[in-house]
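Each remark here refers to the structure printed beneath this line.
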Amino acid sequence: MAAELMLAVVGAADVCIKLANQVFSTYSAYRGAEEAIDKKLVALEALWTKVERQLRFLQKISHLLDEELAQCHLKLLQKLTGTLHQVTAKLEIPGFAASSTRFSDYFRKLKFAFTRNSLDELMAELQTWCERFDPTWYLIMLMSDSVLDATLRESQQAGINRSDQNGDALSNMMALRYTIRDVGNSSDQARQKVSLTLDASALAHGKETPIQFSAAKAVVRGRHNAHLIIEPVNLPTDTILQVKTDVENMARKLQQVDPDSFGILRCYGLLKHRNRETGGLAAIDMVYRAPDTTRLVSLRKLLLDREPVSASAVVRMAKQLVRSVSYIHACDFVHKNIRPDNVLVLPGDASLLGTSYLMGFNQFRNANFQTNLVGDPAWYRNLYRHPQRQGVFVQERYVMQHDIYSLGVCLLEIGLWRSFIWYPKDSDGATPVAAPSFGLSLRDQDFEITSCAIPLKDHLVNLAKRELPPRLGDLYTEVVLVCLTCLDPGNEVFGGELDTKDEDGIVIGVRFIENILARVSEISI
Numbered sequence: 000m001a002a003e004l005m006l007a008v009v010g011a012a013d014v015c016i017k018l019a020n021q022v023f024s025t026y027s028a029y030r031g032a033e034e035a036i037d038k039k040l041v042a043l044e045a046l047w048t049k050v051e052r053q054l055r056f057l058q059k060i061s062h063l064l065d066e067e068l069a070q071c072h073l074k075l076l077q078k079l080t081g082t083l084h085q086v087t088a089k090l091e092i093p094g095f096a097a098s099s100t101r102f103s104d105y106f107r108k109l110k111f112a113f114t115r116n117s118l119d120e121l122m123a124e125l126q127t128w129c130e131r132f133d134p135t136w137y138l139i140m141l142m143s144d145s146v147l148d149a150t151l152r153e154s155q156q157a158g159i160n161r162s163d164q165n166g167d168a169l170s171n172m173m174a175l176r177y178t179i180r181d182v183g184n185s186s187d188q189a190r191q192k193v194s195l196t197l198d199a200s201a202l203a204h205g206k207e208t209p210i211q212f213s214a215a216k217a218v219v220r221g222r223h224n225a226h227l228i229i230e231p232v233n234l235p236t237d238t239i240l241q242v243k244t245d246v247e248n249m250a251r252k253l254q255q256v257d258p259d260s261f262g263i264l265r266c267y268g269l270l271k272h273r274n275r276e277t278g279g280l281a282a283i284d285m286v287y288r289a290p291d292t293t294r295l296v297s298l299r300k301l302l303l304d305r306e307p308v309s310a311s312a313v314v315r316m317a318k319q320l321v322r323s324v325s326y327i328h329a330c331d332f333v334h335k336n337i338r339p340d341n342v343l344v345l346p347g348d349a350s351l352l353g354t355s356y357l358m359g360f361n362q363f364r365n366a367n368f369q370t371n372l373v374g375d376p377a378w379y380r381n382l383y384r385h386p387q388r389q390g391v392f393v394q395e396r397y398v399m400q401h402d403i404y405s406l407g408v409c410l411l412e413i414g415l416w417r418s419f420i421w422y423p424k425d426s427d428g429a430t431p432v433a434a435p436s437f438g439l440s441l442r443d444q445d446f447e448i449t450s451c452a453i454p455l456k457d458h459l460v461n462l463a464k465r466e467l468p469p470r471l472g473d474l475y476t477e478v479v480l481v482c483l484t485c486l487d488p489g490n491e492v493f494g495g496e497l498d499t500k501d502e503d504g505i506v507i508g509v510r511f512i513e514n515i516l517a518r519v520s521e522i523s524i
């Protein structure tokens, strides 16, 4: 990376920190003046403390950054600089920070109202910025550089990342990196080797609730009514022992995620079921910690019910799903199974579409035996797969772009707010059929050969071009099309020689953020 770019990143981060200090210095004049202002200040300072730690660490490792990642960080820092300049300009109104003795009660109330509003605006702007910045921050984990590991350990020893174990971004990144890269000191390695296996008897008397149109089920157990989600892992019966390690590695990664940021539930452990006759491993369930509620429903159920929802709620749901996919790739794994059946939604107080969580981390194939080149003919699964991955005999090994394509199909379905899959008896036990209104006449037999693949993708692209603009606008449509065409010939963003020159996955992560996450974040309805 050019020295000029490295210095630009360091300088931009420094400007942001200095401007923020000026802002908080001005706001501090109002500390204690009004309870509402104090509460807003505390919340804003907590958020900025997180951001400042991230920026200072970024300055330390800026010389290690991939050029595209550095450019992405620089653009985001420049955007934050602009936001902070706007705030400081507002605060420089004559008399803003002057003593309250110069003002009558009327002007003091007016002044406090202005302060409250400016705090709210800055909090909203900073939260939006963090939604853009945090995924780029976690891409740093993919850097295979011993200097980065040394810097992380140095920060740990200095206590920088230990003041808030539950919310510090540096702590979260360190835990994830140690899990992903299997580096760190002996205590970290020992912590990773703690058994993931749960005692099945502890869940035996829990209250189970099926989640309709999802493979997962909700379980409430124990005197404290702990809420869990149990999801079966799809294991090839002939290689179950070989892929057991892959399942355990995935569980370790999912133990480190931040549900609020990632939109992914944290793994609690694994339930391993034994064959009663042979004693051998027969099946594995992945267990997640769930929100303290039994109201979780599958996105598939919501799409089938078609209850009216606002366009803004639909866009918010799309943003959450895009952000989850971004974090998945930053954690150095692919999902392989992105579809509405694997998205659980916690309804909000005022909307069916509250917080969503991406599930379905249950597709495993053993790379040593090349079994990940074997697919299946189920049309309702192939519908969400890229043409290269459709059918019984797939054409290409799984890469991140295949997840991006699946995301595009889901975003199209969410945008139309109608399910592509229909169950005649309104039961997930019924045989699914393709929704006739979208012209999807699909059968399993169609995917026993490869000739169906390309026409299906083209059909979805045309459907997006025709139906989405009047519903959600041009920008949402563009995001869907970018996803659906990510591996088209001549695609310069996600195609070409990207896979061969992007060994650690950072470049594709940056391009996903800039071309998909950033665009969908700009949508406002």
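Position 269 of the sequence shown, counting from 1, maps to 268 under numbering that gives the first Met the number 0, and the rest follow consecutively.
Built from N, CA and C at the ideal position, the CB exists for glycine as well.
Note that the coordinates shown come from a computational prediction; the quantities given were computed from them, not determined experimentally.
His272, DSSP secondary structure in three states: Three-state result, His272: strand.
Where Cys266 sits in the DSSP three-state scheme: The three-state reading of DSSP puts Cys266 in strand, counting E and B together.
Candidates Leu43, Tyr475 and Val8, of which the one nearest Leu406 by Cα: Checking every option, the nearest Cα to that of Leu406 belongs to Tyr475.
Per-residue DSSP class, three states only, for His458: Here DSSP, grouped into helix, strand and coil, assigns His458 to helix.
DSSP three-state assignment for Pro435, whether helix, strand or coil: Three-state result, Pro435: helix.
Validate contact between the stretch 334 to 354 and the stretch 200 to 218 using beta carbons, cut 8 Å, 3 pairs: Judged by Cβ distances under 8 Å, the stretch 334 to 354 makes contact with the stretch 200 to 218, as three or more pairs qualify.
Rounded distance between the beta-carbons of Asn336 and Asn551, thought under 8 Å: Since the displayed the chain opens at 0 and closes at 524, residue 551 lies outside it and no answer follows.
Leu441 and Val460 closer than 7 Å at C-beta: No, Cβ-Cβ distance for Leu441 and Val460 is not below 7 Å.
N- and C-terminal bounds of the alpha helix (DSSP H) containing Met285: In this chain, Met285 is not harboured by any alpha helix (DSSP H); it is covered by the beta strand (DSSP E) spanning Leu280 to Arg288.
Of the listed residues Glu447, His272 and Arg315, nearest to Gly390 (C-alpha basis): When each option's Cα is compared against that of Gly390, the closest is Glu447.
As assigned by DSSP and simplified to three states, the class of Thr25: When DSSP states are grouped into helix, strand and coil, Thr25 belongs to the helix group.
Buried or exposed by the 16-neighbour rule on C-beta atoms within 10 Å, applied to Ala214: By the 10 Å Cβ count, Ala214 comes out buried.
Val492 in three-state terms, based on DSSP: In the structure shown, Val492 sits in coil (DSSP, three-state: anything other than H, G, I, E or B).
Span of the alpha helix (DSSP H), counted from its first residue to its last, around Tyr404: In the DSSP annotation of this structure, the continuous segment of the alpha helix (DSSP H) that includes Tyr404 starts and ends at Met399 to Leu415.
Own chain partners of Lys206 with C-beta closer than 8 Å, once the 5 adjacent residues on each side are dropped: Cβ neighbours of Lys206 beyond the five flanking positions: Val218, Val219 and Arg220.
Inter-residue spacing [alpha-carbon to alpha-carbon] between Asn556 and Leu63: The requested residue 556 does not occur in the structure, where the chain is confined to residues 0 to 524.
Three-state secondary structure assigned by DSSP to Ala329: It is helical.
Cβ shell of Pro258 (< 6 Å), same chain only, five flanking positions each side left out: So the qualifying residues of the chain are Leu264 and Arg265.
Per-residue burial, Glu521 [other beta carbons within 10 Å of its own, 16 or more giving buried]: Glu521 comes out exposed.
Cβ pair Met122, Leu18 closer than 7 Å: Going by C-beta atoms, Met122 is not nearer than 7 Å to Leu18.
Continuous alpha helix (DSSP H) stretch holding Leu40: start and end: It spans Glu34 to Ile60 - the alpha helix (DSSP H) in which Leu40 sits, taken as one unbroken run.
Proximity to His334 [Cα-Cα], best of Arg518, Ile420, Gln400 and Arg510: Minimum Cα distance to His334 is reached at Gln400.
Option nearest Val256 by Cα separation, candidates Cys129, Met172, Ile139 and Ala35: Comparing Cα positions, the closest option is Met172.
Local conformation of Leu352 per DSSP, three classes: Of the three classes helix, strand and coil, the one that applies to Leu352 here is coil, per DSSP.
Neighbourhood of Val14 by C-beta, 6 Å cutoff - its chain only, sequence neighbours within 5 removed: Only Thr80 meet the Cβ criterion.
Buried/exposed call for Arg275, threshold 16 Cβ in 10 Å: Its Cβ having fewer than 16 others within 10 Å, Arg275 is exposed.
Pro376 in three-state terms, based on DSSP: Pro376: coil per DSSP, three-state reduction.
Three-pair Cβ contact test at 8 Å for the stretch 294 to 309 versus the stretch 409 to 423: They touch, by the three-pair rule.
Check whether Ile505 and Leu169 have beta carbons under 7 Å apart: Leu169 is positioned such that its CB atom lies no closer than 7 Å to that of Ile505.
Cβ neighbours of Leu253 in the same chain (closer than 6 Å, five flanking residues each side left out): Closer than 6 Å at Cβ, skipping near neighbours: Cys266.
Exposure of Ser323, with buried meaning 16 or more beta-carbon neighbours within 10 Å: Ser323 is buried by the Cβ-count criterion.
Beta-carbon spacing of Ile512, Thr135 below 7 Å: It is a contact, given that the beta carbons lie within the stated cut-off.
Per DSSP, cross-strand counterpart(s) of Arg220: Here Arg220 is bridged, per DSSP, to Ala225.
Ile228 classed as buried or exposed, judged by whether at least 16 other C-beta atoms fall within 10 angstroms: Buried, since its Cβ has 16 or more Cβ neighbours within 10 Å.
For Leu298 and Gln70, the rounded distance between their alpha carbons: Distance from the CA of Gln70 to the CA of Leu298, rounded to the nearest whole angstrom, comes to 36 Å.
Element boundaries [beta strand (DSSP E), containing Val393]: Neither: Val393 is in no beta strand (DSSP E) and is coded neither H nor E.
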